[in-house]
């Protein structure tokens, strides 16, 4: 009988191999050639294995993904500086290291978390399952249109009759578009042309990197499609935005451990996608957000939200698989700092950020302003993060900005003291589970879509997670897509059993 558990000798051999390769890479980087030659001779390493991608392939095979030696030492030194404050914190993300209920409540009281409006509980208002009759992959809605993409590679565009949106018959099909592969992402953005003309664009990104652009949904609807890059095979995240120079940009992460930035030019005859830069990661990206930090004294002019004096004011918040940090880059992919989500550094209990959203405390409007997919964050803005912990998901409350925090003098600071709270939930999941978080501004709280259905999260009550019961029954099927339409205060949710519902309070 084959034993799948590896014995100690195999584990120790892997440790020795990885350690030797880290040392060899360090010697190469600093041009210690004679020392390097002696080292690989004594350890039995081959130059080919050290110098080329065999090292990365070996990490994939063993399931280990490590930074370089200097980065690991630097992070350890910075962590030691915070050890005293971390040791007295109630917010450890290591298994079994949680503070008391009273400790948690004291923290929650200090940061004034928003309270879920239970009198505004959403229920199913419209069942659209019969209109689609296919597995829904992505949904989008605004004040005038409902857009659905399905597993049979189709986009359905509906106009909305506002006289009675509770009836499925009041969603009228305008157009049905066949795509080359499944559309995973649907996004809307407002742009201004060089002559000052304002346009609203709808962009659809397929899993293979093909994008379709629609300018308007007139009866004679026209659309254009183009491949972002011929080398893209599978996309995991997609985000379109307008930069400080009023250029249409997009960020995509691919399953080959890269993030690519494209500039998109749209004219009457064609779409051009120019690859601007590329970032190579150790593991695949799990979430990506574009944020614009605003200081408290800055004027909140509605027309200026989402704009900045330069790209340096825009930041990319990126998380990746098997990493307990948030990586903060500028638009040139220069790493500015990291936010640690695990103050039990070097613990064996690693986890992945499965989703991340921003919200404000109840001293302010709790819904974070988002203009052209750029999230405006202020000193009172927080992050809610869902994790891959098994068998039960966790939720983390984390500061969104490091502007007022201290760090050691370092080229790339790491902040360990931004975790506000760490909550265990009763949401069962496994290593294949996916979670979706959206902010419901009407109910003043967060919605969670997961393997077991749709839930509400009351942040003020220790992140209490409650199933959202409809006016028919509590649906337990896995959530495939989740979207909150703030223009109409309604929720769109699709399930793995091919059901599609509109919920409203």
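Numbering (my numbering), first residue to last: 2 to 506.
In this text, a Cβ means the ideal position worked out from N, Cα and C, and glycines have one as well.
Query, Result
"Contact between the region 475-494 and the region 430-446 (3+ Cβ pairs under 8 Å)", "yes"
"CA-to-CA distance, residue 417 to residue 78, given in whole angstroms", "12 Å"
"Among 401, 355, 227 and 156, the one whose alpha carbon lies nearest that of residue 434", "355"
"Residues near residue 178 by beta carbon distance below 6 Å, same chain, minus five either side", "156"
"Cα-Cα separation, residue 117 to residue 397", "18 Å"
"Distance, residue 233 Cα to residue 34 Cα", "37 Å"
"Meets three-Cβ-pair contact criterion under 8 Å: the region 321-338 and the region 282-289", "yes"
"Among 270, 371, 277 and 269, nearest to residue 253 - alpha-carbon criterion", "277"
"Per-residue burial, residue 152 [other beta carbons within 10 Å of its own, 16 or more giving buried]", "exposed"
"Residue 262, DSSP secondary structure in three states", "strand"
"Helix, strand or coil at residue 54 [DSSP, three-state]", "Note that residue 54 scores a pLDDT of 48, beneath 50, so its modelled location is shaky; the value from the coordinates is reported in the next line. Reduced to three states, the DSSP call for residue 54 is coil."
"Spatial distance of residue 173 from residue 390 (CA atoms)", "42 Å"
"Buried versus exposed, by CB contacts within 10 Å (16 or more), residue 194", "exposed"
"Bounding residues of the beta strand (DSSP E) (the contiguous stretch that carries residue 287)", "286-294"
"Segments assigned beta strand (DSSP E), at least 3 residues, entirely inside the region 408-458", "420-429, 437-441 and 446-451"
"Nearest-angstrom Cβ-Cβ length linking residue 241 and residue 204, presumed shorter than 8 Å", "5 Å"
"For residue 43, the first and last residue of its enclosing alpha helix (DSSP H)", "34-44"
"8 Å contact criterion, which residue 448 and residue 461 should meet: CB distance rounded", "Wrong, their Cβ atoms sit about 16 Å apart, outside the cutoff."
"Beta-bridge partners of residue 489, as assigned by DSSP", "Per DSSP, none; premise fails for residue 489."
"Same chain, Cβ closer than 6 Å to residue 175, five either side skipped, listed in chain order", "158, 160 and 218"
"Helix, strand or coil at residue 78 according to DSSP, with G and I counted as helix", "helix"
"Sub-7 Å separation of residue 496 and residue 125 beta-carbons", "no"
"Residue nearest to residue 132 in terms of C-alpha spacing, selected from 506, 211 and 500", "500"
"Runs of beta strand (DSSP E) lying entirely within the region 128-199, each at least 3 residues, in chain order", "137-142, 146-151, 155-161, 172-179 and 184-193"
"N-terminal and C-terminal residue of the beta strand (DSSP E) that residue 278 is part of", "272-281"
"For residue 206: DSSP bridge partner residues", "186 and 212"
"Where residue 506 sits in the DSSP three-state scheme", "coil"
"Where the beta strand (DSSP E) containing residue 395 begins and where it ends", "393-400"
"Assigned exposure category for residue 14 - 16 Cβ within 10 Å defines buried", "exposed"
"Backbone CA spacing between residue 292 and residue 265 [nearest angstrom]", "20 Å"
"Local conformation of residue 122 per DSSP, three classes", "coil"
"Backbone CA spacing between residue 306 and residue 39 [nearest angstrom]", "Note that residue 306 scores 46 on pLDDT, short of 50, meaning its location in the model is unreliable and no value can be drawn from it."
"Where the alpha helix (DSSP H) containing residue 18 begins and where it ends", "9-30"
"Candidates 479, 206 and 113, of which the one nearest residue 150 by Cα", "206"
"Three-state secondary structure (DSSP) of residue 382", "strand"
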